[in-house]
Every structure is written in structure tokens, then in C-alpha cells.
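Anchor point for the sequence shown: position 70 equals 70 in UniProt numbering, and the numbering is continuous, going up by one each time. What follows is a single structure, written as C-alpha cells, with notes after it.
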Amino acid sequence: MTYIVNDACIACKYTDCVEVCPVDCFYEGENMLVIHPDECIDCGVCEPECPADAIRPDTEPDMEKWVEFNRKYSELWPVIITKKDPLPAAEEMDGKEGKMELFSEKPGEGG
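Below is the structure:
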């Protein structure tokens, strides 16, 4: 099992999760985070830390696409281990549907 980040993170990018991750398996894009599925140790400490409820176990239905999505971008983006401020519109965007159209493939700063 592994944990993944889904589209609920897009345009929010809360980073509370990276602060508690014991193996530094989060990677930062311009407007969301992902988890490297091969680095995640399935400890689950990140899941309750996400205000947007964007972190889910891969054992839930239809998670295969998110595992591959997380794998792809974790190999392109820099690792993030430090908590940062969420994106400016995070509160407004939290819980919105259809956020994939806002997704950016650009890397974040990492750190």
C-alpha cells in the first residue's frame, strides 16, 4: 500500500503533510504536491494533516490512475520537506470540483 495525493490538492497546496513525513517522499509542483509511491512507507501520518483531504490510501477504489500520476510527477518535481504557506486562493479553492483543468505540470521550488 501507498498513499497518493489527488486533485483536491490542486490550487490549494497545503504543505502540512510534508512536515510530518518521516521519509521525505513529497514532491512539489507549481500548484500541488505528489507522493512518490515507491518511497512512501505507508505510515499514514500525512493523511490527517491535509486540510483539503487530498491524501488517500491507494487501496480505495479507482486509485490506480492517481498512483501513476503521483509516480510521474514525483520523478519530475523537486522534493519538499519544509512547510510553506498554502497558495493564496487555497481557502476559496478547497473542496471545489473539476480542478484538473487548473493543474500545472511546472515544478515548484522544492525545499
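Heads up, the beta-carbon is just placed ideally off N, CA and C, and yes, glycines get one too. The structure presented is a predicted model; accordingly, all values stated were derived computationally and were not measured.
Taking Cβ positions, are residue i and residue j nearer each other than 8 Å?
i          : j          : result
residue 52 : residue 21 : no
residue 4  : residue 93 : no
residue 83 : residue 23 : no
Between the options, which lies nearest to residue i when the distance is taken from Cα to Cα?
i           : options           : result
residue 81  : 15, 91 and 55     : 15
residue 96  : 10, 107 and 5     : 10
residue 78  : 99, 108 and 60    : 108
residue 98  : 68, 8 and 49      : 8
residue 2   : 24, 19 and 40     : 40
residue 101 : 32, 55, 25 and 68 : 32
Skipping 5 residues on each side, what residues in its chain have a beta carbon closer than 7 Å to that of residue i?
i           : result
residue 106 : 29 and 30
Excluding five sequence neighbours on each side, which residues of the same chain lie with their C-beta closer than 6 Å to the C-beta of residue i?
i           : result
residue 103 : 10
residue 66  : 4 and 6
residue 59  : 1
Which ranges would you report for the alpha helix (DSSP H) in the UniProt domain "4Fe-4S ferredoxin-type" (31-60) if only whole runs of at least 4 residues count? For the UniProt domain "4Fe-4S ferredoxin-type" (31-60), not a single whole alpha helix (DSSP H) run of length 4 or above is found.
Using 8 Å as the threshold, is the segment 32-39 in touch with the segment 70-78, meaning 3 or more CB pairs across them? yes
Taking 8 Å as the cut-off, does the segment 83-95 touch the segment 39-46 (at least 3 CB pairs, one atom from each stretch)? Verdict: no, contact absent.
Any alpha helix (DSSP H) of 4 or more consecutive residues that is wholly inside the UniProt domain "4Fe-4S ferredoxin-type" (1-30): 16-20
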